[in-house]
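K.L.:
The working numbering applies: residue 18 is where the sequence shown begins, and numbers increase by one. Each residue gets a CB set at the ideal place from its N, CA and C atoms; glycine is no exception.
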Amino acid sequence: MRHHPLPPPPHRRNDWLDKAVGLGALTPLDVLYEARPAGDAAAYLAYRHHRARQDGPDPAGLAASRKALELATTHLGEDPEAWALALRLLPDFTGTFPELLTTAAAIVS
18 MRHHPLPPPP
28 HRRNDWLDKA
38 VGLGALTPLD
48 VLYEARPAGD
58 AAAYLAYRHH
68 RARQDGPDPA
78 GLAASRKALE
88 LATTHLGEDP
98 EAWALALRLL
108 PDFTGTFPEL
118 LTTAAAIVS
């Protein structure tokens, strides 16, 4: 995941990534920190979150969601301009989710 971007999923699901996470080879936190592009990683995590709401609790997915919120709050704070910029950058940003947040915060400051 560090060296090869996620293939763009047709509907935000990614079969090989689902299998790797299901087998424990990767965790949702790995996806949060290491997968790129950030938009596809975020979409995959949102898909897992949505699926967990239907299928039942997903502690690993919940941990990744909490960490994503913590990272966003740490980097973007309460600055609406920083949040808006991060959202504008998300679809085309080629780095990881933490890199996106760092970049948006740096641009705004």
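Is the beta carbon of residue 121 closer than 7 angstroms to that of residue 107?
P.N.:
Position 90 of the sequence shown, counted from the start, is the residue given in the question as residue 107. Position 104 of the sequence shown, counted from the start, is the residue given in the question as residue 121. Not in contact: residue 107 and residue 121 (Cβ atoms no closer than 7 angstroms).
K.L.:
For the structure I just gave you, are there three or more beta carbon pairs, one from the region 86-99 and one from the region 52-63, closer than 8 angstroms?
P.N.:
No, because fewer than three Cβ pairs between the region 86-99 and the region 52-63 fall closer than 8 angstroms, the two stretches do not touch.
K.L.:
In this structure, does DSSP put residue 56 in helix, strand or coil?
P.N.:
Numbered from 1 along the sequence shown, position 39 holds the residue referred to as residue 56. If DSSP states are grouped into helix, strand and coil, residue 56 belongs with the helices.
K.L.:
Residues in the same chain with beta-carbon distance under 6 angstroms from residue 98, minus the five sequence neighbours each way, listed in chain order, please.
P.N.:
Within the sequence shown, residue 98 is the residue found at index 81, counting from 1. Excluding sequence neighbours, residue 98 sits near 125.
K.L.:
Three-state secondary structure (DSSP) at residue 76?
P.N.:
By 1-based counting over the sequence shown, the position of residue 76 is 59. In the structure shown, residue 76 sits in a helix (DSSP, three-state: H, G or I).
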